[in-house]
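Numbering (our numbering), first residue to last: 1038 to 1317. Built from N, CA and C at the ideal position, the CB exists for glycine as well.
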Amino acid sequence: MPGQLILKKADFFASDAQPVAVADRYPQNVFAEHTHDFCELVVVWRGNGLHMLNGRPWRITCGDLFYIRAEDRHGYESVHELVLHNIIYCPERLALNVDWADLLHNPAMPDGSDPRWRLSSQGMAQVRQIIGQLEHESPKTDPLSRCLSESLFLQLLITLRRHRYRVADATSLREGETLDLLMAALGNSLDEPFDFKLFCHHHQVTERQMRALFRQQTGMTLNQYLRQLGICQAQYLLRHSELLISEIAAQCGFEDSNYFSVVFTKETGVTPRLWRQRFR
Ligand code: RM4
Ligand code: NI
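Listed below in structure tokens is the structure:
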């Protein structure tokens, strides 16, 4: 039965005492859905893929950040040059007198709520450094190194707090972080239709530059990404709503519902109707 896979601490940590470890996924390959007896932070550096999280698909790409609790069920599909870091940790092994629960607090994700966080480019640069140090320190077992690892982990969590934002709230971003703004606008594009020309005009970049930058950082074209976001949303609605397939197509940015079915089938391997039936 799928969903039975539980990853164990003993297979991923060097000792019974190690609180934090860095697992680089260069690349993150397709990985079956699983839960854990430890928790993890996922920072996506490059490429793209489909992140299934508690039964819901999310298109992920550079700058995405997830706080995964032990009991969350997740896995990776349709990956394309996906590169990420997993910071895995055991809350009960953290010894510093810090309010970890608060720093790691990621409001529980009742079905349908949005688990996505984004990291600004500036945040990514800082986080990359800390993870580099942590990677070096966390395998060591002497008391000083353990303490240092924990403080690096603390630093990481605080830095994430400072630089993370919700796609729905990109107002905290500074002007100049155009790719961040673009990603946020795309992430919201199902609520507010996205006008690329206007976006470029507004931020004084050429469409060509912007498309090239996007492609270089994410490993896909802008249109591919938009289409995939639409398909993700459709997968969700097919499963959790009673809307007609034509209504779903329209809501997910497809004017023509036949074309929607063709793209959906190509991306997921099954027709929208069959996809829906799977869950009934
Ligand atoms: C896997 C995958 C999983 C993670 C383990 C540690 O490659 O990234 O999500 O739990 O590594
Ligand atoms: Ni995992």
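Coarse secondary structure for residue i, derived from DSSP in three states
| i | result |
| --- | --- |
| R1201 | strand |
| E1070 | strand |
| V1116 | strand |
| N1260 | helix |
| R1184 | It should be pointed out that residue 1184 corresponds to Cys in this sequence rather than to Arg. Correct three-state label for C1184: helix. |
| L1141 | coil |
| R1248 | helix |
| L1223 | helix |
| V1242 | coil |
| D1109 | coil |
| A1028 | Past the edges of the chain, shown from 1038 to 1317, lies residue 1028, and the structure says nothing about it. |
| Y1126 | strand |
| L1281 | coil |
| R1276 | helix |
| F1190 | helix |
Environment of residue i [buried if 16+ CB atoms lie within 10 Å]
| i | result |
| --- | --- |
| C1127 | buried |
| F1316 | exposed |
| I1043 | exposed |
| N1085 | buried |
| R1245 | exposed |
| R1310 | exposed |
| P1094 | buried |
| D1232 | exposed |
| G1169 | exposed |
| D1206 | exposed |
| A1132 | exposed |
| P1152 | buried |
| C1269 | buried |
| A1271 | buried |
| A1047 | exposed |
| C1184 | exposed |
| F1251 | buried |
Same chain only: Cβ atoms within 7 Å of residue i, ignoring 5 sequence neighbours per side
| i | result |
| --- | --- |
| M1161 | G1100 |
| L1121 | R1062, Q1065, V1079, V1080, V1081, W1082 |
| E1108 | T1072 |
| S1052 | T1178 |
Residues bridged to residue i (per DSSP)
| i | result |
| --- | --- |
| T1098 | N1085 |
| F1291 | DSSP output for F1291 lists no bridge partner at all. |
| W1154 | L1102 |
| E1077 | I1105, I1125 |
| I1043 | T1072 |
| V1057 | Y1126 |
| R1093 | L1090 |
| R1062 | L1121 |
Close Cβ partners of residue i (< 8 Å) along its chain, the five nearest in sequence each way excluded
| i | result |
| --- | --- |
| V1164 | V1080, L1156, L1193, T1196, L1197, H1200 |
Close Cβ partners of residue i (< 6 Å) along its chain, the five nearest in sequence each way excluded
| i | result |
| --- | --- |
| V1057 | Y1126, S1175, S1186, F1190 |
| F1297 | A1286, F1291 |
| L1171 | V1059, L1189 |
| G1306 | none |
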